Amino acid sequence: MTTTTDHTIPDAAPIVLEKTVVKSWKTPITLSIVALLSIVLFIVFRRGGDTTFTFAGGRIAPSLPQLVVPTTLTCVILTTLLAAMAALSWWLLARFAKVPLWYSSVFAFIFVVAFLTWAAGDNSRPLPITSLLLGAVSLSVPYIFGALGGVISERSGVVNIAIEGQLLAGAFLAAVVASMTGSVWLGLVAAVVAGVLVSFILAAFAIKYYVDQVIVGVVINVLVLGLTNFFYSQVLAKDASFLNDPPLLPSLPIPGLSAIPVIGPVLFDQSIIVYLMYIAVAAVYIGLFHTRWGLRLRSVGEHPQAADTVGINVTGTRFWNVSLAGAIVGLGGAYFTLGSVGSFSEDMTGGQGYIALAAVIFGRWDPIRATLAALLFGFASNLQYTLAAVGSPVPSEFLLMLPYVVTILAVAGFVGYVRGPAASGKPYIKS
Amino acid sequence: MSDDSGAQASAAETGTEAAGSADVALETGSQVPPDDPNDNRWNDALRQILGGSFVISILAVVLALIVGAILIAVTDPGVQQAAGYFFSRPGDTFQAIWNVVSGAYSSLFQGAIYNFGRPTFSAGIRPFTDTLTYATPLIVAGLGVGLGFRTGLFNIGGQGQMLIAAAFCGWIGWSFDLPPVLHLIVAIVAGFVGGAIWAGIAGVLKARTGAHEVIVTIMLNWIAFYLISYLLRTPGALQEHGTNNPKSPAILPNAILPPLFGPQYQLHWGFVISIAATIVVWWLLERSSLGFKFRAVGENPNAARVAGISVKSVIIWALVISGGLVGLAAVDQVLGTTTGGFSSGIDAGIGFDAITVALLGRSRPIGIFVAGVLFGAFKAGGFLMQAANNIPIDIVLVVQSLIVLFIAAPPLVRAIFRLPTPGSKPRTKTPAPTATAEEATAK
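Residue numbers (my numbering), protein chains in the order written: chain A, 111 to 541; chain B, 234 to 676.
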């Protein structure tokens, strides 16, 4: 009706849509709090002397020059910069109604540099940047696999609290199978199988029996913890050399790329599982947003009734995608036993699945953002080890706390009212 | 789903909750279609009982114990050895399975209920008092988590709330010298407040910024763990004077929960607090206006908002009370069980066990009490089973989680035992209502 009238009167006044501008004051508030914190920490409790950064590392070991900066001066400059950026964010919000994400990211980066300068100041030992980043990537691997699995599962409408259980099951079965057969590759396959099996439980209870998904997830985590602990002390511990002594994945440096200083050893001199991770991140991103599979998966998670109406099998789609998520997370579990430690121990995932879950929400159910969030958590976890080696004044507990505080700030501040997939957590009952 | 939740809300309003009524947390409610007057009433009643939630709960426990028995049998070296020559002498295998499983479960029983090896009743009943001692913190923490479930909140932060509460009540317990009863009361209140504050952070963040309480409480667990670890190793904070161990000082005698049945039993007055808490929470949820608001928000926050309930303040209060109750579990630990000072492992996994307790008790105070006692029995018996039969106590975790899984999915248990669906009619007589009833139960 309205369109026809528009056509008949072409010179009518154009329809002006009212735009509601929602200004979120959270970002400037958070930035200001962080800026204030930096003033207190870096200027009031300032440290003298020099801070030394080293960049050497990796098998090529290029003799890079050390970077020596005066601690106090650098901290003052960086803190001033932070304060200015925080102030500018208020203006940005008032002017453009939005503080862009890159702005917050740059702010966070400067804060991290300032913090490192401060923490490694006072002429303490040099801060090895390469090993800091290398450790961060290594700690992030399970988080990233877990987060990818979480994204797929939740996008298809099933909340995946069972990431922890999938990681633990993957770590356990990978260790046992690799140790019994002596083949790391069979270990990787076993990890995938373990993750899928845990997913089957989740899918069966959540999709077939309509049990609350959060509850199934939590209970599965307890179940897997109990099972692996039981088998570990009852079976594995009695014959550890046969059952719990898996070979480690070899490191495969990529020719050329691994010779790049800093980045080379950190990203391109890793085991196969890390390269699989790169592929998985890209594949999940492209798959979710640029293929028919992804469209169906997202439609089932956002509006199952609509998906069902156009002929998509909601139950089947959810079931197989939850299984796929389990396969990916299980692979991440293998990293614990085949990638880093070399044997299974009780509760070796230690709640990392929950951090992966936090990364999913922090990353707003987007594979790339979730991966970045996971990297951030890995970095924050590793900071503690590096700074303890350097001899920093901050108690290690507070550094260990950091990723969790950051998550809370992120969930409450930067991310705010996050909107997950609309039908996530709700069983679909065909009527 | 919508008409189902509508039925739940109306049931909540009238305050009448039938045995098989829909559950908030578990979504396993069943709708009973109108009775056909021509049918045999006794037959109906039998079907109701067989398919009802009580029988399901019992069968879930049985199923979980069977799975536990299979795990014990499969991993036992004696059984494995006998199974090696199974086809020549199959009897040996069954004999070995019977030996190990019956040995394990009789230890579980003797460690949890009554030890027949002791001469007197007072010594024989000691395991049961141990069960109640283990059940004490599980009940209060389970009540806290269950109260959250009823409000639609998932308080997964029991560990952190317990640690903070332990620090609060412990600090009162060892640094002040107060008169006997007053000291105890102040310390208990401090524990409640400590847990309430820590959960209140999650509540305020959820209400004000929309931060998901699952994420925030998980993160607060870790923050509390590292905070308490730091304070416990820092002289002048929570660390005991004159030691280097990360451990707190011992509680002063005035602040210790006294033993309930004399010094030969571990059971302390915390159990009475748990009973009182069960009654108070029941009254709060089922009879008070605040509890009605909790349940209304739990059923449907949008409807509650339309009805004029401040959802934000309900969320904050629910988490505050939930955290306070979980804090009482820490009080039981610090002032009742480990009075010689605590370390950062004082929570002993109770915060997580409480989730399963609340689920098993279907978020009803009485149910949580029973579930707490059951899990306490598993814990007490599990220790004896580990010591006497060399079976890792982790099997208890497996059995517990399986119980919750089975209870959460009544159709699965019914399918395994071929039980009728409550409210359904025998298939041969009227096929049409059966289908609808099954569907309704599935909801």
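Ideal Cβ positions, reconstructed from N, Cα and C, are used throughout, including at glycine.
These numbers were taken from a predicted model, which means no experiment stands behind them.
- Only Asp627, Ile628, Val629, Leu630, Val631, Val632, Gln633, Ser634, Leu635, Val637, Leu638, Ala641, Ala642, Pro643, Pro644, Leu645 from the region 627 to 648 of chain B bring a Cβ to less than 9 Å from some Cβ of chain A.
- The criterion of a C-beta distance shorter than 8 Å is satisfied by A:Ala196 and A:Ser142.
- Taking CB atoms only, B:Ala432 has no neighbour in chain A less than 8 Å away.
- Counting only the Cα atoms, B:Ile484 lies some 10 Å from B:Ala420.
- In the three-state scheme derived from DSSP, where H, G and I count as helix and E and B as strand, A:Pro375 is classed as helix.
- Taking all protein chains in view, the Cβ of A:Gln415 is surrounded by fewer than 16 other Cβ atoms within 10 Å, so the residue is classified as exposed.
- Sixteen is the threshold: since fewer than 16 other Cβ atoms of the shown chains lie within 10 Å of the Cβ of B:Ala620, the residue is exposed.
- Look at the region 365 to 422 of chain A and you find these whole runs of beta strand (DSSP E), each 3 residues long or longer: 379 to 381.
- In chain B, no part has a C-beta under 8 Å from the C-beta of A:Val154; the shortest such distance is about 21 Å.
- Cβ-Cβ distances below 7 Å link B:Ala297 to Val632, Leu635, Ile636, Phe639 in the same chain, with the five nearest sequence neighbours on each side left out; the list follows chain order.
- Counting only runs of 4+ residues, the alpha helix (DSSP H) found wholly inside the region 174 to 239 of chain A occupies 181 to 206, 211 to 229, in chain order.
- In summary, the residues of the region 283 to 310 of chain B whose CB is separated from some CB of chain A by less than 7 Å are Leu304, Thr308, in the order they occur in the chain.
- Under a criterion of Cβ atoms nearer than 9 Å, no residue of chain B is adjacent to A:Ser361; the nearest Cβ is some 31 Å distant.
- When secondary structure is reduced to three states using DSSP, B:Ser522 falls in the helix class.
- At the C-beta level, A:Ile139 and A:Ala193 stay beyond 8 Å of one another.
- Following the DSSP letters along the chain, one finds A:Pro363 inside the beta strand (DSSP E) bounded by residues 361 to 363.
- For B:Leu396, not one C-beta of chain A is nearer than 8 Å to its own C-beta.
- Put simply, the backbone Cα of A:Gly327 is about 43 Å away from that of B:Pro486.
- As a beta-bridge residue in DSSP terms, A:Phe163 pairs with A:Leu177, A:Leu237.
- Comparing alpha-carbon positions, the option among B:Gly557, B:Thr450, B:Pro360 lying closest to B:Asn388 turns out to be B:Thr450.
- From the beta-carbon of B:His501, no residue of chain A is found nearer than 8 Å; the closest lies around 27 Å away.
- Under the DSSP assignment, B:Trp502 falls outside any alpha helix (DSSP H); it carries neither an H nor an E label.
- Residues of the region 434 to 468 of chain A with a Cβ closer than 8 Å to any Cβ of chain B, in chain order: Gly461, Tyr464, Leu467, Ala468.
- Within its own chain, the residues whose Cβ lies closer than 6 Å to the Cβ of A:Thr338, once the five positions on either side in sequence are excluded, are Leu278, Phe282, listed in chain order.
- Here B:Pro468 carries a coil assignment [DSSP, helix/strand/coil].
- Under DSSP, the beta-bridge partners assigned to B:Pro492 are B:His501.
- In this structure the region 530 to 544 of chain B does not touch the region 371 to 380 of chain B; the number of beta carbon pairs closer than 8 Å is below three.
- Membership of A:Glu274 in the alpha helix (DSSP H) is indicated by the continuous run 273 to 291.
- In this structure, A:Val391 places its C-beta atom within 8 Å of the C-beta atom of A:Thr481.
- At a cut-off of 8 Å between beta-carbon atoms, A:Ile325 makes contact with chain B.
- Excluding five sequence positions before and after B:Phe504, the CB atoms of its chain that fall closer than 8 Å to its own CB belong to Leu365, Thr366, Ala368, Thr369, Leu493, given in chain order.
- Shown here for A:Gly535: same chain residues with a beta carbon closer than 6 Å to its own, the five before and five after excluded, namely Val269, Gln323 in chain order.
- For the pair of segments examined, the region 152 to 163 of chain A was found to touch the region 221 to 241 of chain A: the number of CB pairs separated by less than 8 Å reaches three.
- Using a CB distance below 9 Å, the part of the region 303 to 332 of chain A facing chain B consists of Ile311, Ala314, Phe315, Lys318, Tyr319, Tyr320, Val321, Asp322, Val324, Ile325, Val326, Val328, Val329, Ile330, Asn331, Val332, ordered along the chain.
- Exclusion of the five residues before and after A:Ser491 leaves Leu249, Pro513 as the residues of its chain whose Cβ lies within less than 7 Å of its Cβ.
- Counting along the chain, the unbroken alpha helix (DSSP H) around B:Ile588 starts and ends at 583 to 593.
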